[in-house]
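Just so you know, the sequence shown maps onto residues 13 to 182 in the working numbering.
Beta carbons are placed, not taken as given, at the ideal position from N, Cα and C, and that holds for glycine.
Beneath this line is the structure, given in structure tokens, with notes to follow.
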Amino acid sequence: MIKLSYNIENYRKDLLDLVSPGDTVIELGCHVGGTTKLIASKCNVIAIDNSPEAVDEMAKLNVEFISGDVRLHDIIAEVFKITQKCDVLAIDLGGGYHPDTAFKVFYIWSSTFKPKHSLIRNRGILEFFNSAKSTEKEHVSAKGYLESYHDSGIPPQIKEFELWTPSLKK
Ligand SMILES: C[S@@+](CC[C@H](N)C(=O)[O-])C[C@H]1O[C@@H](n2cnc3c(N)ncnc32)[C@H](O)[C@@H]1O
């Protein structure tokens, strides 16, 4: 299942509804752990954020925290070394964050980890989803990733990050 939200309370409720005890959750954009705290006691959480504010606060929680930019291949590779299992992928880079980048992050991470469920907190993606009307019904995914692309997402296309995020400096 793929769930979209903008309101942070809905994002948190959706996450709590989807996780089961013992699940592995990859959380992108954890900030200081406001959402992480709600699930840390019942799940294995790997949380990533590039904000300096996150470092000390996340160290207080019993989760694996990586300080880094989720657009970078090295960060995905680091997480992949820790786990290849992901039950839930939760993405909150900021509700108003550019939807193209948020979608790209969803596409690359979900293609890599094949989560059962993905949650994306992003206003633009939600607005697009709520507004678009499709003329074809056959492309639907029951998983937390886009099933029609399956294994075609990574790794060569990961280079596209540089095109989609011009502010990203190496
Ligand atoms: C709205 S906050 C997340 C709030 C958090 N999910 C919660 O429930 O309290 C968005 C976070 O995304 C992080 N972020 C934005 N872009 C990022 C990126 N490219 N890599 C890693 N973290 C990023 C920001 O540092 C910020 O902490």
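Short check: CB of Ile14 to CB of Ser130, under 7 Å?
-> Taking 7 Å as the Cβ cut-off, Ile14 and Ser130 qualify as a contacting pair.
Tell me whether the beta-carbon of Glu39 lies closer than 7 Å to the beta-carbon of Ala89.
-> no
Relative to ligand 1, is the shortest distance from any of its heavy atoms to the C-beta of Gly108 smaller than 6 Å?
-> no
When DSSP labels each residue in this structure, what does Ser130 get in the three-state scheme?
-> Three-state DSSP puts Ser130 in a strand.
Closest to Ile137 by CA distance: which of Ser160, Gly108, Val152 is it?
-> Gly108
Starting from the Cα of Val57, find the closest Cα among Pro64, Glu150, Leu27, Gly106 and give me that residue.
-> Leu27
Identify the continuous alpha helix (DSSP H) that holds Lys49 and give its terminal residues.
-> 48–51 is the span of the alpha helix (DSSP H), which, as asked, contains Lys49.
Taking the alpha-carbon positions, what's the Ser146 to Ser123 distance?
-> 23 Å
With DSSP collapsed to three states, give me the class of Thr147.
-> coil
Considering only the beta carbon of each residue, do His85 and Ala66 sit closer than 7 Å?
-> For His85 and Ala66, no; Cβs fall outside 7 Å.
Leaving out five residues before and five after Lys182 in sequence, what residues of the same chain have Cβ atoms less than 8 Å from its Cβ?
-> The predicted model places Lys182 with a pLDDT of 47, which falls under 50 and marks its position as unreliable, so this point remains unresolved.
For Ile78, which of helix, strand or coil comes out of DSSP?
-> If DSSP states are grouped into helix, strand and coil, Ile78 belongs with the strands.
Distance CB(Ile60)-CB(Val82) smaller than 7 Å | yes
Any chance the CB of Val75 is under 6 Å from a heavy atom of ligand 1?
-> Flag unset: Cβ of Val75 not near ligand 1.
Taking 6 Å as the cut-off, does the CB of Thr47 come closer than this to any heavy atom belonging to ligand 1?
-> yes
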